[in-house]
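Worksheet for the structure shown next.
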Amino acid sequence: MTVKSSTTVQVIESLAALKNWRYQLEQTRGSDKRPLLGFVPTMGALHEGHMSLVKQAVEECRHVIVSIFVNPLQFGPNEDFDKYPRVFEKDLQMCRQAGVEAVFHPPVQEMYPQGQKDLTKVIPPAVLIQHLCGAFRPGHFEGVATVVAKLFGMVEADCAYFGQKDYQQLAVIRRMVLDLDIPVKVVGVPTARENDGLAMSSRNVYLTPEQRLLAPVLYQTLCEVKDQALSGAVPLPQALEVGRQKLSALPGVEVQYLDACHPQSLAPLTQAAHEMVVLVAVKLGSVRLIDNIIVGA
Ligand code: AMP
35 MTVKSSTTVQ VIESLAALKN WRYQLEQTRG SDKRPLLGFV PTMGALHEGH
85 MSLVKQAVEE CRHVIVSIFV NPLQFGPNED FDKYPRVFEK DLQMCRQAGV
135 EAVFHPPVQE MYPQGQKDLT KVIPPAVLIQ HLCGAFRPGH FEGVATVVAK
185 LFGMVEADCA YFGQKDYQQL AVIRRMVLDL DIPVKVVGVP TARENDGLAM
235 SSRNVYLTPE QRLLAPVLYQ TLCEVKDQAL SGAVPLPQAL EVGRQKLSAL
285 PGVEVQYLDA CHPQSLAPLT QAAHEMVVLV AVKLGSVRLI DNIIVGA
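Under our numbering, think of the first position of the sequence shown as 35, with each following residue one higher.
Shown next, in the form of structure tokens:
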């Protein structure tokens with residue numbers, strides 16, 4: 035069976051069932067001016083960060099669908115695809131409580147029936163993916179753009195919600211929608227944080243208690259760089275370098291990047307601007323953490 039009903043949320047596992055659900059929804063469009071369908075693509079292991087996207091979608095749209103799909107295409111050979119957390123029943127309960135109407139949870143075979151090797155892919159422009167996370171995760175953004183393009187085609191949502199936490203991903207998706215004329219409105223949602231500033235992430239569960247105590251330093255460093263750069267007291271490159279050194283000096287921390295970029299083009303900045311985004315990625319032991327802070331945009 036491919037469509038399972040619970041009290042209020044439908045679990046949809048096949049493309050055929052999704053199309054059927056979507057067709058029936060379309061019949062209800064009528065003259066209501068609100069967006070008919072909001073879409074929140076995720077890889078599951080949902081937390082309050084994901085739920086802030088869902089909440090906004092529920093507020094803005096008449097119906098909301100969440101996808102839960104751990105996409106093999108966006109994981110490198112040495113990354114954590116196999117051990118990525120999968121807690122479907124808990125995710126479902128969170129979706130149900132939040133007022134989500136359908137959860138699309140396809141098996142890999144349903145998403146890639148022709149296999150993953152000889153696949154038509156979406157290649158984002160190099161200027162967006164050759165640096166930041168793209169430099170450390172070859173093929174990652176092709177995998178993301180490809181699966182999101184497929185999901186957009188399948189779900190046919192009016193609005194799709196993405197977190198600013200994955201800032202480069204959001205820029206890639208916005209650009210893809212523009213370049214490929216995909217009829218969906220992309221909505222960026224601010225990063226949800228723990229009380230100590232740590233950006234919520236499905237990977238935070240892998241942090242040891244010691245690493246968890248250390249992790250908020252990422253956001254603290256971003257705030258310091260922002261404050262220093264905006265005060266004009268320290269040139270931006272120097273503020274970034276001080277931040278890198280501070281992070282590198284911490285036990286078990288390997289800094290991948292700490293950079294400032296233009297918020298739309300992601301072009302690296304060499305001096306502070308009124309609109310910029312400061313982005314960081316570190317490995318804390320074996321856990322990769324990313325975060326960013328947006329200035330003025
Ligand atoms: P993921 O399941 O990691 O692929 O994330 C699914 C969506 O949730 C993406 O658009 C993420 O940017 C977003 N997201 C993840 N963590 C957060 C967070 N802490 N705050 C806001 N959005 C988030």
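Every residue gets a Cβ at the ideal spot worked out from N, C-alpha and C, and that includes glycine. These numbers were taken from a predicted model, which means no experiment stands behind them.
Quiz item: Should Asn112 go down as buried or exposed, given a rule of 16 or more other Cβ atoms within 10 Å for buried?
Solution: exposed
Quiz item: Based on Cα-Cα distance, which residue from Ile324, Val220 and Lys184 lies nearest to Leu153?
Solution: Of Ile324, Val220 and Lys184, the residue nearest in Cα terms is Lys184.
Quiz item: So the alpha helix (DSSP H) Lys260 belongs to, where does it begin and stop?
Solution: Val251 to Ser265
Quiz item: Smallest Cα separation from Ala226: which of Arg63, Val121, Ile327 and Glu47?
Solution: Answer by Cα proximity: Ile327.
Quiz item: Terminal residues of the continuous alpha helix (DSSP H) containing Pro159?
Solution: Counting along the chain, Pro159 falls outside any alpha helix (DSSP H), and DSSP gives it neither H nor E.
Quiz prompt | Ala301 classed as buried or exposed, judged by whether at least 16 other C-beta atoms fall within 10 angstroms | solution = Counting every other CB atom within 10 Å of its CB across the protein chains shown gives Ala301 a total below 16, marking it as exposed.
Quiz item: Is Gly42 near ligand 1, judged by its Cβ being under 7 Å from some heavy atom?
Solution: Reading off the sequence, residue 42 comes out as Thr, not Gly. Checking every heavy atom of ligand 1 against the Cβ of Thr42, none is found closer than 7 Å.
Quiz item: So which residues touch the region around ligand 1, with touch meaning a C-beta under 5 Å from any heavy atom?
Solution: Thr76, Met77, Gly83, His84, Phe196, Gly197, Lys199, Asp200, Thr225, Ala226, Ala233 and Met234
Self-check item: Euclidean distance between Cα positions of Gln198 and Val223
Solution: 6 Å
Exercise. Work out the CA separation of Arg56 and Val314 for me, nearest whole Å.
Key: 39 Å
Quiz item: Is the number of C-beta pairs between the region 238 to 252 and the region 314 to 323 that are closer than 8 Å three or more?
Solution: yes
Practice problem: Would you mind reading off the limits of the alpha helix (DSSP H) that contains Ala294? | Solution: Premise fails: Ala294 lies in the beta strand (DSSP E), Val287 to Cys295, not in any alpha helix (DSSP H).
Quiz item: Any idea if Ala50 is buried or exposed, counting beta-carbon neighbours within 10 angstroms, 16 or more meaning buried?
Solution: exposed
Quiz item: What are the boundary residues of the beta strand (DSSP E) that includes Asp325?
Solution: Val321 to Val329
Quiz item: Would Ala331 be called buried (16 or more neighbouring beta carbons within 10 Å of its own) or exposed?
Solution: Ala331 comes out exposed.
Exercise. With a cut-off of 8 Å on the beta carbons, I'd call Pro172 and Gly110 a contact; round off their distance for me.
Key: 7 Å
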